[in-house]
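S.K.:
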Amino acid sequence: MAIYTRKGDRGKTSLFDGTKVSKSSLRIEAVGHIDELNTLIGVCLLYIKDKSIRSELEKIQNDLFEIGGALAFPHKMPVETVYKRPKQFEELIDALTKKLPPLNNFILPGGGEAGAFLHLARTVCRRAERQIAGLSKKAHSTSSGQEKIDPEILVYLNRLSDLLFTMARFANHKERKKEKIWRKR
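Heads up: the sequence shown is residues 0 to 184, going by numbering that gives the first Met the number 0.
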């Protein structure tokens, strides 16, 4: 089976239900942001040594694959497998935070390689969340239902970005990489 189809050579692509859309549509951009986030988490895995964090990131990759699929299938709702995940993320955030020094200031993204890539993944996650929020807003202003998305995807992404921030801090802490405090100039 060839990876190429030549069907997308003119700026159009098909959703899972066969609907043809522009590759620049909000929905396809949202799918692309989720794919980019998933790929970046794969890069993070190259640098993460902690087995429990690695395991969680691999679960997140599977979640994101399902979310991307749901976004590419306009009438597929809900994405039930991600409903329980924000609560699980909160529990993990709380557990990791207990192992970290208190956060009393804004910190600059960076640290070690793992921490820096996790911070980058957090920003890509936030971008995906903003894009999907725009898609969701458009869904409420159109009667076609074409842009309808599961609102729990936004909850998932919001909590995921918090988790990625906490994981970045945790990775830096474990690697003894000092967090740089933001200083107003």
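C-beta: ideal position from N, C-alpha, C; glycine also.
Buried or exposed for Ser-51, going by 16 or more other Cβ atoms inside 10 Å?
M.R.: Here residue 51 refers to the residue found at position 52 of the sequence shown. Result: exposed.
S.K.: Beta-carbon separation of Ser-135 and Leu-119 under 8 Å?
M.R.: As a position in the sequence shown, residue 135 is number 136, starting the count at 1. As a position in the sequence shown, residue 119 is number 120, starting the count at 1. Not a contact, by the Cβ cut-off of 8 Å.
S.K.: Using three-state DSSP, classify Ile-47 as helix, strand or coil.
M.R.: Against the sequence shown, residue 47 aligns to sequence position 48. Note: Ile-47 maps to coil in three-state DSSP.
S.K.: Got a sec, what are the start and stop residues for the alpha helix (DSSP H) Asn-157 sits in?
M.R.: Reading the sequence shown from its first residue, position 158 is the one you call residue 157. That run of the alpha helix (DSSP H) goes 151 to 173.
S.K.: When we look at the beta-carbon of Asp-62 and count the other beta-carbons within 10 Å, is it buried (16 or more) or exposed?
M.R.: Translated into positions along the sequence shown, residue 62 becomes position 63. Answer is buried; the Cβ neighbour count reaches 16.
S.K.: So Ala-71 and Val-30 are in contact, right, with Cβ under 8 Å, and what is the actual spacing, rounded?
M.R.: Taking the sequence shown and counting its residues from 1, the one referred to as residue 71 is at position 72. Taking the sequence shown and counting its residues from 1, the one referred to as residue 30 is at position 31. Right, the Cβ-Cβ distance comes to about 5 Å (below 8 Å), so this counts as a contact.
S.K.: In this structure, does DSSP put Lys-177 in helix, strand or coil?
M.R.: Here residue 177 corresponds to residue number 178 of the sequence shown, with the count starting at 1. DSSP places Lys-177 in coil when its eight states are reduced to three.
S.K.: Specify the secondary structure class of Lys-58 as computed by DSSP and reduced to three states.
M.R.: Taking the first residue of the sequence shown as 1, we reach residue 58 at position 59. In the structure shown, Lys-58 sits in a helix (DSSP, three-state: H, G or I).
S.K.: Within the same chain, show all residues whose beta-carbon is closer than 7 Å to that of Ile-148, passing over the 5 residues directly before and after it, in chain order.
M.R.: If you number the sequence shown from 1, residue 148 lands on position 149. So the qualifying residues of the chain are Leu-70, Ile-131, Leu-134, Ser-135 and Ala-138.
S.K.: Check whether the Cβ atoms of Ile-40 and Leu-56 sit closer than 8 Å, and answer yes or no.
M.R.: Here residue 40 is taken as the residue at index 41 of the sequence shown, counted from 1. Here residue 56 is taken as the residue at index 57 of the sequence shown, counted from 1. Against a cut-off of 8 Å, the Cβ pair of Leu-56 and Ile-40 comes out as a contact.
S.K.: Let me make sure I understand the geometry here. Which of Phe-88, Lys-97, Phe-64 and Lys-183 has the alpha-carbon closest to that of Asn-104?
M.R.: Numbered from 1 along the sequence shown, position 105 holds the residue referred to as residue 104. Ranking Phe-88, Lys-97, Phe-64 and Lys-183 by Cα distance to Asn-104 puts Lys-183 first.
S.K.: Alpha carbons only, please: which of Asn-157, Leu-102 and Glu-28 is nearest the one belonging to Trp-181?
M.R.: To locate residue 181, count along the sequence shown from 1; it is residue 182. Among Asn-157, Leu-102 and Glu-28, the Cα nearest to that of Trp-181 belongs to Leu-102.
S.K.: Taking Cβ positions, are Tyr-82 and Glu-151 nearer each other than 8 Å?
M.R.: Numbered from its first residue, the sequence shown carries residue 82 at position 83. Numbered from its first residue, the sequence shown carries residue 151 at position 152. Closer than 8 Å, so yes.
S.K.: Enumerated in chain order, which unbroken segments of the alpha helix (DSSP H) with a length of 4 residues or greater are wholly contained in the segment 91 to 139?
M.R.: none
S.K.: So is Thr-80 buried or exposed if we call it buried at 16+ other beta carbons inside 10 Å?
M.R.: As a position in the sequence shown, residue 80 is number 81, starting the count at 1. Classified as exposed, Thr-80 has fewer than 16 neighbouring CB atoms from the shown chains inside 10 Å of its CB.
S.K.: Is Lys-86 helix, strand or coil when you go by DSSP?
M.R.: Counting from one through the sequence shown, the residue named residue 86 turns up at place 87. Lys-86: helix per DSSP, three-state reduction.
S.K.: Look up Val-78 in the DSSP assignment and say whether it is helix, strand or coil.
M.R.: Within the sequence shown, residue 78 is the residue found at index 79, counting from 1. Here Val-78 sits in coil by DSSP.
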